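Protein chains in written order, with our numbering: chain D, 127 to 238; chain F, 23 to 135.
Ideal Cβ positions, reconstructed from N, Cα and C, are used throughout, including at glycine.
Quick caveat, the model's predicted, so the values are computed rather than measured.
Working notes, beginning with the structure itself.
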Amino acid sequence: DGGITQSPKYLFRKEGQNVTLSCEQNLNHDAMYWYRQDPGQGLRLIYYSQIVNDFQKGDIAEGYSVSREKKESFPLTVTSAQKNPTAFYLCASSNWGDYGYTFGSGTRLTVV
Amino acid sequence: GQQLNQSPQSMFIQEGEDVSMNCTSSSIFNTWLWYKQDPGEGPVLLIALYKAGELTSNGRLTAQFGITRKDSFLNISASIPSDVGIYFCAGQPPAGTASKLTFGTGTRLQVTL
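Given below as structure tokens:
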């Protein structure tokens with residue numbers, strides 16, 4: 127079955143370390159997105175990519191970086207410059223002409 | 023970035039009760055979507071609305087696309103414990119454009135037995 131996979135589900139890191147969250151989709155979707163969700167909060171867009179080798183900053187891109195070398199993959203790196211990285215991270219994908227996004231099951235990142 | 027205004031922010035209801043929530047925007051959208059997020063999971067699409075005035079049902083869920091194209095409503099009838107979660111609305115510009123979804127702030131639903 128087609129879908130979008132985020133790994134790992136839970137991630138613990140020490141403060142000051144960079145960490146990379148994986149997002150893979152086999153839906154042949156063109157666009158991919160990263161969102162951050164804090165407890166009791168809505169979804170805030172970090173980065174998005176509409177085609178391979180191209181991506182744009184969202185509303186809260188500072189302290190994050192991404193790459194889009196393959197259509198099916200859109201990894202997110204949380205750098206040490208991100209002041210408050212502990213959060214739930216959601217990846218999503220969509221296709222031009224389709225309605226809505228398909229979301230992954232999320233990665234909960236805890237920085238200690 | 024813009025977020026759509028969703029209300030109420032949270033609801034505590036008893037099993038069997040009906041639920042209503044709404045979403046408003048300052049912008050016009052061509053499509054309205056409603057998602058549900060179970061605790062610790064990603065949002066899942068419940069209902070999509072494509073035309074102003076449209077009323078669409080999916081089981082116990084009914085959603086409406088407002089006539090002004092600036093709002094949408096979601097109703098859940100006879101709530102059950104598995105309805106617990108966060109409900110998000112989302113507005114989408116015309117399909118095929120390079121525009122992104124705009125999400126609501128979410129309505130957190132708690133159902134007590």
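For S104(F), does the three-state DSSP call read helix, strand or coil?
Reading the second sequence from its first residue, position 82 is the one you call residue 104(F). Note: S104(F) maps to helix in three-state DSSP.
Looking only at its own chain, which residues have a Cβ that is under 8 Å from the Cβ of I35(F), when we skip the five neighbours before and after it?
Mapped onto the second sequence, residue 35(F) falls at position 13. V41, S101, L131, Q132, V133 and T134, listed in sequence order.
At which residues does the beta strand (DSSP E) containing E150(D) begin and terminate?
Translated into positions along the first sequence, residue 150(D) becomes position 24. Start and end: V145 to Q151.
How close, in whole Å, do the beta carbons of R221(D) and D156(D) come, if the pair is a contact with beta carbons under 8 Å?
As a first step, residue 221(D) must be located in the first sequence, where it is residue number 95. As a first step, residue 156(D) must be located in the first sequence, where it is residue number 30. Going by the sequence as given, residue 221(D) is Asn instead of Arg. Contact annotation, N221(D) with D156(D): C-beta distance approximately 6 Å; criterion of less than 8 Å satisfied.
Tell me the rounded alpha-carbon separation between Q151(D) and C217(D).
Here residue 151(D) corresponds to residue number 25 of the first sequence, with the count starting at 1. Here residue 217(D) corresponds to residue number 91 of the first sequence, with the count starting at 1. Each residue's alpha carbon lies about 10 Å from the other.
Express the C-alpha separation of I89(F) and Y174(D) in angstroms, rounding to a whole number.
Counted from its first residue, the first sequence places residue 174(D) at position 48. Counted from its first residue, the second sequence places residue 89(F) at position 67. Distance between the alpha carbons of Y174(D) and I89(F): 31 Å.
According to DSSP, K58(F) sits in a beta bridge with which residue or residues?
Locating residue 58(F) in the second sequence gives position 36, counting from the first residue. DSSP output for K58(F) lists V66(F) and Y109(F) as bridge partner(s).
Would you kindly report the start and end of the unbroken beta strand (DSSP E) that includes A187(D)?
Your numbering for residue 187(D) matches position 61 in the first sequence. Unbroken run through A187(D): none, as it is neither H nor E.
Compare the C-beta of G168(D) with all C-beta atoms of chain F and state if any pair is closer than 9 Å.
As a working note, residue 168(D) is residue 42 in the first sequence. By this cut-off, G168(D) is an interface position.
Within 10 Å of its beta-carbon, does I177(D) have 16 or more other beta-carbons around it, so buried, or fewer, so exposed?
Translated into the one-based positions of the first sequence, residue 177(D) becomes position 51. Flag for I177(D) reads exposed.
Who are the near neighbours of P134(D) in its chain, counting only those whose CB is closer than 7 Å to its CB and skipping five residues on each side?
For this step, residue 134(D) is matched to residue 8 along the first sequence. Taken in chain order, the residues that qualify are T233.
Cα-Cα, which of F200(D), Y227(D) and P165(D) is closest to Q132(D)?
The count along the first sequence starts at 1 and reaches residue 132(D) at position 6. For Q132(D), the nearest C-alpha among the options comes from F200(D).
Starting from R170(D), follow the beta strand (DSSP E) in both directions and report where the run begins and ends.
Numbered from 1 along the first sequence, position 44 holds the residue referred to as residue 170(D). Where R170(D) is concerned, the enclosing beta strand (DSSP E) stretches over L169 to I177.
Can you tell which of S148(D), G128(D) and G129(D) has the C-alpha that lies nearest to the C-alpha of L235(D)?
Mapped onto the first sequence, residue 235(D) falls at position 109. The shortest Cα separation from L235(D) among S148(D), G128(D) and G129(D) belongs to S148(D).
Give a yes or no on whether the C-beta atoms belonging to A85(F) and I69(F) are separated by under 9 Å.
In the second sequence, the residue the question calls residue 85(F) occupies position 63. In the second sequence, the residue the question calls residue 69(F) occupies position 47. It is a contact, given that the beta carbons lie within the stated cut-off.
Would you kindly work out how many angstroms separate the C-alpha atoms of R211(D) and W56(F), rounded to a whole number?
For the purposes of this step, residue 211(D) is taken as the residue at position 85 of the first sequence. For the purposes of this step, residue 56(F) is taken as the residue at position 34 of the second sequence. It should be pointed out that residue 211(D) corresponds to Pro in this sequence rather than to Arg. Going by C-alpha positions, P211(D) is about 28 Å away from W56(F).
Using the beta-carbon of each residue, which ones in chain F are nearer than 9 Å to F200(D)?
Here residue 200(D) refers to the residue found at position 74 of the first sequence. Here the premise fails: no neighbours, minimum Cβ distance about 14 Å.
Counting contacts by CB-CB distance shorter than 9 Å, is E63(F) in contact with chain D?
Along the second sequence, one-based indexing puts residue 63(F) at 41. Answer yes: the Cβ-Cβ gap between E63(F) and chain D drops below 9 Å somewhere.
Report the residues of the region 65-91 of chain F with a CB closer than 9 Å to any CB of chain D, ordered along the chain.
P65, V66, L67, A70 and Y72
Taking only three categories from DSSP, how would you classify T124(F)?
As a first step, residue 124(F) must be located in the second sequence, where it is residue number 102. Reduced to three states, the DSSP call for T124(F) is strand.
Nearest-angstrom Cα distance between S94(F) and K197(D)?
Sequence index remark: in the second sequence, residue 94(F) carries index 72 (1-based). Sequence index remark: in the first sequence, residue 197(D) carries index 71 (1-based). Distance from the CA of S94(F) to the CA of K197(D), rounded to the nearest whole angstrom, comes to 33 Å.
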